[in-house]
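These protein sequence lines are chains A and B, in that order. Anchor point for the first sequence: position 105 equals 182 in our numbering, and the numbering is continuous, going up by one each time. Anchor point for the second sequence: position 64 equals 77 in our numbering, and the numbering is continuous, going up by one each time.
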Amino acid sequence: MNYILNILRRRRGDAKSYRQRFLYEPVTEGDTIATALTELNNREVLADTDGTPAEPVEWECSCLQKKCGACAMVINGRPQLACAARLIDFSRQEIMIEPLRKFPVVCDLVVDRSILFENLKTLHLWLSREAELPDRYRELAYQASECIQCGCCLEVCPNFCVNGRFFGMSSVPVTTRLLTEMPVNEAKEIAKLYARHTFAGCGKSLACKDICPKGIDTEKLLVNANAMAVWKRRKGK
Amino acid sequence: MSDMKTVNIIGAGLAGLSAAITLARAGVSSNLISSQPSERAQSVLAEGGINASLNTMGEHDTTTEHFADTMKGGCFLSSERAVGGLTENAPSIVKELAALGVPFNAQNGRLLLRNFGGQKKKRTAHAKSSTGKMIMSALIDEARKYEAQGLIRRFPNHELICIDVHDNVLANVTVRDNYSRKYLRFTGAAILCTGGLNGFFEGMTTGTTQNTGSAAAIAFCAGAEFANLEFIQYHPTTVSISGKRMLISEAARGEGGRLFIMRNGKPWYFMEEKYPELGNLMPRDVVSREMTAVVSMPECTGSVMLDLTGLSADVWSGKLSDLRAEIMSYMNIDPKLSPIPVSPGIHYFMGGIRVNIRHETSVKNLYAAGEAACQYHGANRLGGNSMLGAIYGGKVAALSALETAAKASIDSVNAKAESSLPKNRTKLCCILSSGLGMIRSEQPLIKAVADLDELLKSGTLNEIDRSRTLLGKAMLLSALARKESRGAHTRSDYPHTSADFQKTTVAGMHNGEVIIRFAAIDESEGSPK
Ligand SMILES: Cc1cc2nc3c(=O)[nH]c(=O)nc-3n(C[C@H](O)[C@H](O)[C@H](O)COP(=O)(O)OP(=O)(O)OC[C@H]3O[C@@H](n4cnc5c(N)ncnc54)[C@H](O)[C@@H]3O)c2cc1C
Ligand code: FES
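Encoded structure:
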């Protein structure tokens with residue numbers, strides 16, 4: 078089956094948005110939205126379904142195998158990774174593609190996610206001493222280190238907004254890792270900032286629960302981070 | 014701009030982060046420039062592990078043996094002094110990573126090591142099969158500490174577009190903010206940590222699309238010498254997925270995976286039969302060549318298969334759960350139940366910017382580290398040595414750079430740089446792959462050089478594509494000049510290794526021409542000669 082990629086475009090952050098449709102013929106069963114976008118941009122002349130010449134579609138990618146978070150975008154209403162979104166898994170021929178809505182648009186599907194990294198800095202997320210990692214917490218530290226900072230969890234969060242006081246789920250994995258590796262009484266600054274910027278603003282909607290493209294158990298990390306930072310309880314597993 | 018000594022680092026993977034952290038700990042600030050944030054660098058893809066003779070598995074491993082295996086695996090084309098430094102420092106590097114909280118597989122605080130190719134003893138520290146991601150997460154957190162102190166200044170989404178060299182001394186580097194489209198010029202010393210040359214073989218490598226190789230091409234045309242460009246590692250166990258090759262980590266064989274092919278209707282475990290000692294864990298160049306040979310035998314059918322069905326439940330749950338999930342997701346095969354078809358794919362570039370043991374390039378004040386540089390791995394890199402080389406090399410480069418580091422400035426400049434065009438990249442890739450497959454010979458190489466010359470004369474190339482094409486030509490000419498087979502460079506017309514070629518292939522630009530020469534393996538601490 079041929080697909081129509083219906084892309085919400087904006088050539089600059091302050092320009093007007095418009096939609097443009099492109100026809101894509103898959104080559105293999107494994108073709109993803111990332112494959113399709115690459116192919117469109119490799120065309121000698123890119124034209125939309127009306128035959129109107131079009132500028133290449135700006136988007137970001139890097140690993141092409143779900144490991145770096147670069148290619149997050151909204152596909153048929155759901156934030157996900159373009160390199161993991163296989164065309165054959167879409168039932169409709171026309172696929173709606175939009176940039177993540179929570180972040181400022183740079184161009185087309187590229188958004189500026191620098192706030193994710195700024196927030197981690199504001200939260201003082203680093204080890205202030207040598208890590209102490211007993212075997213029983215290794216699995217938790219491992220899972221907490223898997224976050225790729227793609228921003229999908231923030232996209233669906235009813236409470237997160239860029240430059241808001243609440244930093245959202247994407248700050249939780251790093252917090253969990255660090256608290257797992259430091260005695261709680263030596264991580265007072267992290268705990269305090271976490272309570273202010275994460276715990277306090279989280280409405281526990283758990284909208285982020287099933288959205289993580291890495292399959293991170295966000296609820297588990299959240300429960301652990303809360304236990305350690307707010308309730309000063311022992312770490313879970 | 015403060016009065017602080019500053020070094021510019023281009024590339025924020027393992028090598029760049031290691032350099033930035035080393036500088037920060039010495040009180041020297043850095044501008045950490047990268048086309049995307051660290052979280053998206055190729056280093057997060059590294060899977061199987063990092064080598065260090067920690068000797069935690071009761072096998073009496075030593076740094077001497079790590080040194081010997083690395084030299085032998087690299088077919089004696091590496092600097093002994095450099096490899097000595099790498100292997101001596103490996104245990105402390107891995108211990109430091111553990112102290113930064115990398116959740117390596119461990120038991121009662123003892124780091125567990127696994128077998129990896131080309132090494133008889135268990136030496137590879139790992140965090141399941143996501144070691145690169147785990148190390149990167151810890152180093153990113155560590156770097157953040159210094160970002161908050163103003164010692165590391167990040168410039169993500171910034172791409173290198175020009176290196177200015179006067180009288181063989183680096184003057185400045187110019188980068189473009191790909192978000193605002195504005196240009197910045199950085200004066201002062203610079204360390205290139207821009208990763209491997211994946212972009213020269215688009216869609217054919219296991220690495221990231223971000224490592225376009227354009228930074229290397231810019232450095233080459235600015236006057237930096239390159240070394241051993243003909244050595245391109247084909248990893249034996251890769252599979253084709255949409256848009257790239259996906260790696261099946263060597264960890265799969267390290268944990269007991271076996272390669273076979275159907276011969277006269279029966280599985281033939283050819284590696285185990287031919288190499289009883291290391292079997293499936295021979296160095297990658299050997300395994301890839303053997304696979305290519307058996308596939309073309311008339312008595313064999315189908316592709317080579319990687320059989321992981323014999324691995325224990327513990328291995329699957331504790332060590333390779335992530336690899337299994339990946340194979341199931343992209344190949345629709347459960348490797349616990351069925352063997353998977355694999356074939357060699359481009360995975361690593363041993364060649365790169367030529368550096369001495371202090372990681373100085375041939376251009377004064379310009380340094381290089383990580384996969385961008387040619388150091389440690391000779392004609393064939395051992396699995397697990399690359400992350401080590403990137404971290405150690407980043408450190409060494411930083412320590413060298415800080416000796417001469419001075420106050421630096423950042424200025425907005427008016428510049429305009431064109432991007433590489435897809436049609437030019439595709440042409441270059443087609444020509445290069447016609448000459449630089451796993452098995453090379455003179456005629457296809459000569460033809461490929463002629464094709465590139467035609468492309469260079471065609472007048473269709475913009476400046477960056479021209480630089481890329483010249484570096485591509487240097488790769489082909491290096492392969493043509495090395496009239497022997499060694500490690501990852503196999504010539505069907507020169508099938509033997511020759512002592513005359515136990516030298517470094519050096520490629521440089523002179524008066525607009527690519528010139529290749531051979532030099533003694535550089536053991537010096539001064540500029541590479
Ligand atoms: C799938 C896979 C598995 C691997 N597994 C292992 C393993 O188990 N063990 C091991 O030792 N090695 C492994 N490797 C190899 C290892 O991961 C890499 O060689 C190593 O991480 C390279 O680190 P680096 O810092 O040199 O470069 P990278 O991590 O590639 O970083 C390059 C940096 O340069 C930046 N950059 C590139 N071009 C430009 C430009 N023009 N302008 C500005 N910035 C630029 C990028 O943004 C990035 O930040 C694996 C590699 C792959 C692909
Ligand atoms: S490109 Fe890395 S997650 Fe899609």
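Built from N, CA and C at the ideal position, the CB exists for glycine as well.
{"Item": "Assess contact between the region 236-255 of chain B and the region 355-362 of chain B, defined as three or more Cβ pairs (one per stretch) separated by less than 8 Å. Is contact present?", "Value": "yes"}
{"Item": "The beta strand (DSSP E) that contains T518(B), what's its start and end?", "Value": "517-523"}
{"Item": "Which residues does DSSP list as the beta-bridge partners of H179(B)?", "Value": "V182(B)"}
{"Item": "Taking the beta strand (DSSP E) that W203(A) falls in, what are its first and last residues?", "Value": "Where W203(A) is concerned, there is no enclosing beta strand (DSSP E), given that its DSSP letter is neither H nor E."}
{"Item": "Using a beta-carbon distance cut-off of less than 8 Å, what residues from the region 192-203 of chain A approach chain B?", "Value": "F194, L197, K198, H201, L202, W203"}
{"Item": "Among the residues of its own chain, which have a CB less than 6 Å from the CB of M14(B), if the five just before and after it don't count?", "Value": "Reliability fails at M14(B), whose pLDDT of 48 lies under 50, so the model's placement of it is uncertain and the value that follows must be treated cautiously. The answer, listed in chain order, is S422."}
{"Item": "In chain order, what residues of the region 93-127 of chain A put their CB closer than 7 Å to some CB of chain B?", "Value": "T105, G107, D108, T109, A111, T112, T115, N118, N119, E121"}
{"Item": "Take L319(B) and list the residues in its own chain whose beta-carbon comes closer than 7 Å to its own, dropping the five residues that flank it on each side.", "Value": "T250, I261, A265, G270, L272, P352, I353, V355"}
{"Item": "Can you pull the chain B neighbours of Q142(A), defined as C-beta to C-beta under 8 Å?", "Value": "L58, I254, K257, M259, E339, Y343"}
{"Item": "Identify the residues that DSSP records as bridge partners of M344(B): which are they?", "Value": "According to DSSP, which records beta bridges pairwise, M344(B) is partnered with nothing at all."}
{"Item": "State the DSSP-derived secondary structure class of F276(A), mapped to helix, strand or coil.", "Value": "helix"}
{"Item": "Compare the beta carbon distance of A392(B) and G448(B) with 8 Å and say whether it is the shorter of the two.", "Value": "no"}
{"Item": "Kindly indicate the opening and closing residues of the alpha helix (DSSP H) around R320(A).", "Value": "Residue 320(A) lies beyond the stretch modelled for chain A, which goes from 78 to 314, so this question has no answer here."}
{"Item": "How is N303(A) classed by DSSP in three states: helix, strand or coil?", "Value": "helix"}
{"Item": "Residues of chain A with CB under 9 Å from P169(B), in chain order?", "Value": "S191, F194"}
{"Item": "Which complete alpha helix (DSSP H) runs does the region 56-102 of chain B hold, if anything under 4 residues is left out?", "Value": "76-86"}
{"Item": "Between D335(B) and M310(B), what straight-line distance do the alpha-carbon atoms span, to the nearest angstrom?", "Value": "34 Å"}
{"Item": "Quick check on DSSP: helix, strand or coil for W308(A)?", "Value": "coil"}
{"Item": "Taking the beta carbon of E151(A) as the centre, do at least 16 other beta carbons fall within 10 Å, making it buried, or is it exposed?", "Value": "The residue you asked about is not Glu; residue 151(A) is Val in the sequence shown. With 16 or more other Cβ atoms within 10 Å, it is buried."}
{"Item": "Output needed for V316(A): all residues of its chain with C-beta closer than 6 Å, excluding positions within five of it in sequence on either side, in chain order.", "Value": "Chain A is shown from 78 up to 314; residue 316(A) falls before or after that span and cannot be answered."}
{"Item": "Using CA coordinates, which residue listed in L99(B), T482(B), V178(B), S193(B) is at the minimum distance from P169(B)?", "Value": "S193(B)"}
{"Item": "Please look up how many angstroms separate the CB atoms of D185(A) and E135(A), rounded, as I've assumed it's under 8 Å.", "Value": "4 Å"}
{"Item": "For I225(A), return the contacting residues in chain B, with the cut-off set at a CB-CB distance below 7 Å.", "Value": "E52"}
{"Item": "Put M14(B) into one of helix, strand or coil per three-state DSSP.", "Value": "Caution is warranted here: a pLDDT of 48 is assigned to M14(B), below 50, making its placement in the model unreliable, and the coordinate value is therefore given only provisionally. Coil."}
{"Item": "Can you tell me which of L474(B), G24(B), A184(B), A386(B) puts its alpha carbon nearest to the alpha carbon of S91(B)?", "Value": "A386(B)"}
{"Item": "Under 8 Å by Cβ, that's how I've got C160(A) and T109(A) pegged, so tell me the actual separation to the nearest angstrom.", "Value": "5 Å"}
{"Item": "Is the beta carbon of D154(B) sitting closer than 8 Å to the one on V251(A)?", "Value": "yes"}
{"Item": "Per the contact definition of three or more C-beta pairs closer than 8 Å, is the region 46-59 of chain B in contact with the region 18-29 of chain B?", "Value": "yes"}
{"Item": "Whose CA, out of M149(B), K146(B), N118(B), M147(B), lies closest to the CA of R136(B)?", "Value": "N118(B)"}
{"Item": "Taking just the CA atoms, how far does N79(A) sit from L152(B)?", "Value": "44 Å"}
{"Item": "Using the beta-carbon of each residue, which ones in chain B are nearer than 7 Å to S139(A)?", "Value": "Q49, R53, T221, T222, Q223"}
{"Item": "Looking only at DSSP bridge pairs, what is Q246(B) linked to?", "Value": "Y361(B)"}
{"Item": "Using CA coordinates, which residue listed in H171(B), V519(B), I346(B) is at the minimum distance from L489(B)?", "Value": "V519(B)"}
{"Item": "Please compile the residues from chain A whose C-beta is within a distance smaller than 8 Å of the C-beta of M147(B).", "Value": "Y219, S222"}
{"Item": "To be precise: take each residue of the region 84-115 of chain B, compare its Cβ to all Cβ atoms of chain A, and keep it if any distance is under 9 Å. Which residues remain?", "Value": "A111, A112, L113, G114, V115"}
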